[in-house]
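Heads up, the final residue of the sequence shown is numbered 562 in the UniProt record's numbering, and it's a clean run with no missing numbers.
We put the beta carbon where it would ideally sit given N, CA and C, even for glycine.
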Amino acid sequence: MKEEQRSLLLSTTSRFPPPPGVKLSYGTAGFRADAGVLKSTVYRVGILAALRALKSESVIGLMITASHNKVSDNGVKVSDPNGGMLSQDWEPFADALANAPTPEDLLRLVDELTANKGIALDGTTSLEILVARDTRPSGESLLEAAKLGIESVIGAVASDMGILTTPQLHWMVRARNNGEKASENDYLEQLSSSFKCLMDLIPSGNENNQVGDKLIVDGANGVGGEKLIVLKEMLKLKGLTIEVRNTGKEGGVLNEGVGADYVQKEKVVPNGFGSQDFGIRCASLDGDADRLVYFIVPSKSGNNIELVDGDKISSLFAVFIKEQLSILKKEGGAKLSEDYPCRIGVIQTAYANGASTDFLKQLGLEVVFTPTGVKYLHEKAAQYDIGIYFEANGHGTILFSEFFLLWLKTTNNELCSVAKGSEQQKAASRLLAVSRLINQAVGDALSGMLLVEATLQHMGWSINQWNELYRDLPSRQLKVKVANRTAVVTTNAETKVVKPPGIQEAINVETAKYPKGRCFIRPSGTEDVIRVYAEASTQDEADRLANSVANLVDRYLGVRSS
1 MKEEQRSLLL
11 STTSRFPPPP
21 GVKLSYGTAG
31 FRADAGVLKS
41 TVYRVGILAA
51 LRALKSESVI
61 GLMITASHNK
71 VSDNGVKVSD
81 PNGGMLSQDW
91 EPFADALANA
101 PTPEDLLRLV
111 DELTANKGIA
121 LDGTTSLEIL
131 VARDTRPSGE
141 SLLEAAKLGI
151 ESVIGAVASD
161 MGILTTPQLH
171 WMVRARNNGE
181 KASENDYLEQ
191 LSSSFKCLMD
201 LIPSGNENNQ
211 VGDKLIVDGA
221 NGVGGEKLIV
231 LKEMLKLKGL
241 TIEVRNTGKE
251 GGVLNEGVGA
261 DYVQKEKVVP
271 NGFGSQDFGI
281 RCASLDGDAD
291 RLVYFIVPSK
301 SGNNIELVDG
311 DKISSLFAVF
321 IKEQLSILKK
331 EGGAKLSEDY
341 PCRIGVIQTA
351 YANGASTDFL
361 KQLGLEVVFT
371 PTGVKYLHEK
381 AAQYDIGIYF
391 EANGHGTILF
401 SEFFLLWLKT
411 TNNELCSVAK
421 GSEQQKAASR
431 LLAVSRLINQ
441 AVGDALSGML
451 LVEATLQHMG
461 WSINQWNELY
471 RDLPSRQLKV
481 KVANRTAVVT
491 TNAETKVVKP
501 PGIQEAINVE
511 TAKYPKGRCF
521 IRPSGTEDVI
531 RVYAEASTQD
541 EADRLANSVA
551 NLVDRYLGVR
561 SS
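Take a look at the structure:
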C-alpha cells in the first residue's frame with residue numbers, strides 16, 4: 001500500500017471509532033443494528049465496497065436500509081456486480097473490517113486483503129460505487145459516512161443515487177454492468193412497459209373473469225409507497241385502479257403496525273385498513289420494498305385476515321409459467337427449428353408450508369430445498385433455466401438463464417415470421433415480458449406485485465380463487481433460549497439434526513403421533529435461540545407438537561424455553 005493511501009485511510013478511519021462493546025456480523029441482511037452505533041460500520045463497509053469494486057473491475061452497490069426493522073434501526077449491505085448479494089467468501093473480511101478495534105488493525109486487514117486478492121491501490125483504475133438509502137431519518141448521515149469510506153480508497157468514486165428501494169439499487173448495479181441504461185426512470189419504464197405488454201396479451205373473451213378492478217396497497221410508511229405512487233401514474237391502466245395507503249406522508253411511522261412483515265407474522269390488517277376493504281384485493285410492501293404479501297379482509301368485522309403469502313405467490317407464478325411453456329411446445333402449432341428442454345425448478349426452505357410443496361409436486365414441477373436465507377435460494381434458482389423462489393415472508397423472484405432467454409428470443413423472432421399472433425408466439429412474448437418485469441437481481445415487491453396483477457388478470461382469478469389453490473396446513477413457530485446455539489448442528493437443508501445425538505430420533509417419535517405431522521429445529525443465525533417449526537392437520541395438534549419438541553430442546557440442551 002502506497003504511503004498516500006495509508007495516510008488517507010488512517011486520517012479518515014480515526015474519525016469513526018467503533019462503539020465499545022459492539023460486535024456485528026455480516027449476514028443475508030448485511031449489518032443491521034440500532035442506527036446510533038452504525039456510523040463506524042457503515043464507513044468501513046464503504047471501504048469494503050470500494051475494494052470489491054476494484055477487485056471485480058465492476059460497478060458495485062451499497063444500500064443503507066434496515067428493511068422491515070423498526071425506524072430507529074438501520075443497516076448496510078453491498079450489491080455485487082450481478083446485482084445480487086455480496087459474495088459469501090467476502091463476508092468474513094466484512095466482519096473483520098467492521099470489528100477492527102483500531103485504525104492500525106484496519107490498515108493491516110486492508111493490506112492482507114489487497115495482497116491476497118491482488119488488488120492494486122495505485123489509483124490507475126477508477127470505479128464507481130452506487131450508494132442509496134431508504135427513508136429512515138438516520139440514513140442521510142450514515143450515507144455520508146459510507147461515501148467517505150468509499151472515497152478513502154484511491155480509485156473509488158461514490159455516486160449518490162438518492163432515496164431508492166433496495167431492489168432498485170440492485171437492479172441499477174446489474175443494468176450498469178450489463179451496459180444498459182440504469183437510472184431510476186429506466187427501472188420504472190422497464191416495469192411499466194413489461195407490465196403493459198403482459199396486459200395486452202391477456203386472452204380475450206373470458207366471461208368468467210373474477211379478478212376485480214381494484215388493488216389497495218400498504219406502503220409500510222416507507223420508500224416503496226413513494227415509488228409506487230410514481231409508478232402507477234406511469235401505468236395509467238384501464239380496468240385496474242391501485243390505491244396506495246401508508247405512504248409515509250399521512251404521519252405514520254415506518255413499519256409500525258404496517259408492512260409485509262407485520263401482516264405476515266401477526267395475520268391482522270395493517271393500520272389504515274379495515275371493514276371498508278371487505279372483498280377487495282389487498283397487498284403489503286415492507287419498509288424497503290423487497291418483500292410482498294397479499295391478504296384478504298374476510299368479513300366486515302374484526303381485524304383478522306386471510307394471508308396470501310410468498311408460498312402462494314410462488315405457486316401462482318409456477319402455474320402461469322408452466323402454462324406458457326406448455327402452449328409454446330404444444331403439438332399442432334408452428335414447428336420450431338429447435339426444441340429446448342426447459343428445466344424449471346421451484347426452490348423452497350423448510351419453512352415453506354407442506355401443502356404448497358405437495359401442490360407444486362402435483363403440477364409435475366421439480367421442488368428442491370435449501371437452508372434458510374435468500375442467498376441460498378437465489379444461488380440454487382440460478383442453476384435452472386427458470387428458477388422460482390419465494391420465502392413465506394414474501395421475499396423472492398424468478399430467474400431466467402441467459403441460455404434459455406437467448407433460445408426464447410430466437411424462437412419468438414422465428415414465430416413472428418411464420419405464425420405472428422399465434423398462441424405459441426403470444427406465449428413466447430409473455431415469457432419474455434415476465435423476464436423483464438420480474439427483478440433478475442433480487443426480490444422486488446413492486447415488480448412482483450405487477451406480475452401478480454398481470455397473472456391474475458390472465459387467469460381471470462379473484463384473490464379468493466388464487467388463495468384456494470391449496471389450503472395451508474396449520475403451523476406453529478416457537479423459539480427456545482439456549483446458552484450456545486452452535487450446539488445444534490443440522491443437515492439436509494436444516495430439516496435434520498445431527499448434533500446433539502439422539503434429539504432427532506426423539507423429534508421423530510413426537511412427530512409420528514400426528515397425522516401430516518412435520519417438525520424441525522434450527523439454530524438462529526443472530527441470537528442464542530433454537531427455532532422450532534411444526535405442522536399438523538389441526539392447529540391444536542400443531543401447537544402440541546411444537547410445544548413437545550420445544551421441551552425436548554430444553555431437556556437435551558439444559559436450557560429454559562421462552
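Item, Value
"Less than 7 Å between CB atoms is the rule here; does D73 satisfy it with respect to chain D?", "Included in the structure is just one protein chain, with no chain D present."
"Around the C-beta of F278, are 16 or more other C-beta atoms found within 10 angstroms, so that it is buried, or is it exposed?", "exposed"
"Could you check if F317 is buried or exposed, using at least 16 other CB atoms within 10 Å of its CB as the buried criterion?", "buried"
"Let me check one thing: in DSSP terms, what residues is K214 bridge-paired to?", "T241"
"Could you tell me if K23 is buried or exposed, where buried requires 16 or more neighbouring beta carbons within 10 angstroms of its beta carbon?", "exposed"
"For Q477, list the residues DSSP reports as bridge partners.", "Y533"
"Can you give the beta carbon distance from T241 to I229, rounded, assuming they're within the 8 Å contact cut?", "The Cβ separation is near 13 Å, so there is no contact."
"Compute the distance between the beta-carbons of L107 and L9, then report whether it is under 7 Å.", "yes"
"Please state whether DSSP places L9 in a helix, a strand or coil.", "helix"
"Based on the DSSP output, what are the partners of Q348 in its beta bridges?", "F369"
"Could you give the residue range of the beta strand (DSSP E) that holds D160?", "A156 to I163"
"In terms of residues, what are the limits of the beta strand (DSSP E) holding Y389?", "I386 to F390"
"Would you check if the stretch 476 to 491 and the stretch 523 to 542 touch, i.e. whether three or more CB-CB distances between them fall below 8 Å?", "yes"
"Distance, Cα to Cα, S561 vs N551?", "Residue placement at S561 cannot be trusted, given a pLDDT of 41 that sits under 50; what the coordinates show is reported in the next sentence. So the two alpha carbons sit approximately 7 Å from each other."
"Roughly how many angstroms separate the alpha carbons of S299 and G257, rounded to a whole number?", "20 Å"
"On the DSSP bridge assignment, give the partners of D34 in chain order.", "D73"
"Under the assumption that I521 contacts V498 (Cβ atoms under 8 Å), give the Cβ distance between them as a whole number of angstroms.", "That pair is no contact at about 12 Å."
"Apart from the five residues just before and just after V59, which ones in its own chain have a Cβ nearer than 8 Å to its Cβ?", "A53, P81, L127, E128, I129, L130, V173, R176 and N177"
"Entirely within the stretch 442 to 479 and at least 4 residues each: give me those alpha helix (DSSP H) ranges in chain order.", "445 to 459 and 463 to 467"
"In the DSSP assignment, find the unbroken beta strand (DSSP E) run with A132 in it and report its ends.", "L127 to R133"
"Would you kindly work out how many angstroms separate the C-alpha atoms of M1 and D122, rounded to a whole number?", "8 Å"
"Would you mind working out which of S475, N439, T495 and V269 sits nearest F369, comparing C-alpha positions?", "T495"
"Please classify V509: is it buried, with 16 or more other beta-carbons within 10 angstroms of its beta-carbon, or exposed?", "exposed"
"On the CB-based measure, 16 or more other CB atoms within 10 Å of its CB, does S475 come out buried or exposed?", "buried"
"With distances taken between CB atoms, is the gap from M161 to A132 smaller than 7 Å?", "yes"
"Grouping DSSP H, G and I as helix and E and B as strand, with all else coil, what is M85?", "strand"
"Starting from I64, trace the beta strand (DSSP E) both ways and give me its first and last residue.", "I60 to I64"
"For C519 versus L545, is the C-beta spacing smaller than 7 Å?", "yes"
"Within the same chain, show all residues whose beta-carbon is closer than 6 Å to that of A145, passing over the 5 residues directly before and after it, in chain order.", "K39, V42 and Y43"
"Taking the alpha carbon of L48 as the point to measure from, which residue in K70, L201 and D95 has its own alpha carbon closest?", "D95"
"Which class does V78 belong to by DSSP, given the choice of helix, strand or coil?", "strand"
"Mapping DSSP to helix, strand and coil, what is I398?", "strand"
"Starting from the C-beta of P19, find all residues in its chain whose C-beta is less than 6 Å away, skip the five residues before and the five after it, and write them out in chain order.", "V37"
"Which word fits F16, buried or exposed, when buried means at least 16 other C-beta atoms lie within 10 angstroms of its C-beta?", "buried"
"Pull up the distance between the alpha-carbon of D543 and that of A350, whole angstroms please.", "18 Å"
"So who's on the other strand from R52, going by DSSP bridges?", "Note: R52 sits in no beta bridge, so no partner."
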